[in-house]
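Chemist: Residue numbers (our numbering): 167 to 266. All C-beta atoms in this analysis are idealised placements derived from N, C-alpha and C, irrespective of residue type, glycine included.
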Amino acid sequence: MTTRGRPSSPVTPRWRRPALAASGVPRHASDSPADLLTRAAGAGRTPGPAAPRLTALFREARYSSHPMDGSHRKAAADALEEIAALLRDREADAGREAGR
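1. What does the alpha-carbon distance come out to for the pair residue 211 and residue 234?
2. Here's the rule: buried if 16 or more other CB atoms are within 10 angstroms of the residue's CB, otherwise exposed. What is residue 192?
3. If contact is defined by three or more beta carbon pairs under 8 Å, each pair taking one atom from either stretch, is the region 246 to 258 in contact with the region 221 to 238?
4. Assuming residue 243 contacts residue 219 (C-beta within less than 8 Å), just tell me the rounded distance between them.
5. Determine the direct distance from the alpha carbon of residue 221 to that of residue 239, and round the result to whole angstroms.
6. Using the Cα positions of residue 204 and residue 217, report the straight-line distance between them to the nearest angstrom.
7. Taking the continuous alpha helix (DSSP H) assigned at residue 238, which residues delimit it?
8. Where do the ends of the alpha helix (DSSP H) carrying residue 219 lie?
9. Which one of 207, 215, 199 has the shortest CA to CA distance from residue 249?
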C-alpha cells in the first residue's frame, strides 16, 4: 500500500499502538507522537533510539507528500519490536529486583 502522508499510511497504524503508553506514560487524545515521546523522555522512559525513529517515521507518513511503502512499514515494525523488547527487558529486570 502506498499513500501520501495520510492516516491510512502503512506507518501510522504502527504508531497508534500504545508502544510508549505501555511504558507507563499516559497517552492523551490530543497527543502528537512528539508530545508522547517528549513526556516519555522527561519521565526517563524513552526506550532507546527506536522511539525517535518511530516518531520520525510517523511524522514523515503524516506530513510528507511522498508515498510511504513497505520499507517504511518494515522500519516502523522493527522500531516497534525494538521498543517492545526493551520494555520486556525492563519489566523482567524490575521483577528480578523485586524478588531480591
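Modeler: Reading off the structure:
1. 29 Å
2. exposed
3. no
4. Actually they are not in contact, since the Cβ atoms of residue 243 and residue 219 sit about 11 Å apart, beyond 8 Å.
5. 13 Å
6. 10 Å
7. 236 to 264
8. Taken as a continuous stretch (DSSP letters only), the alpha helix (DSSP H) holding residue 219 covers 216 to 229.
9. 215
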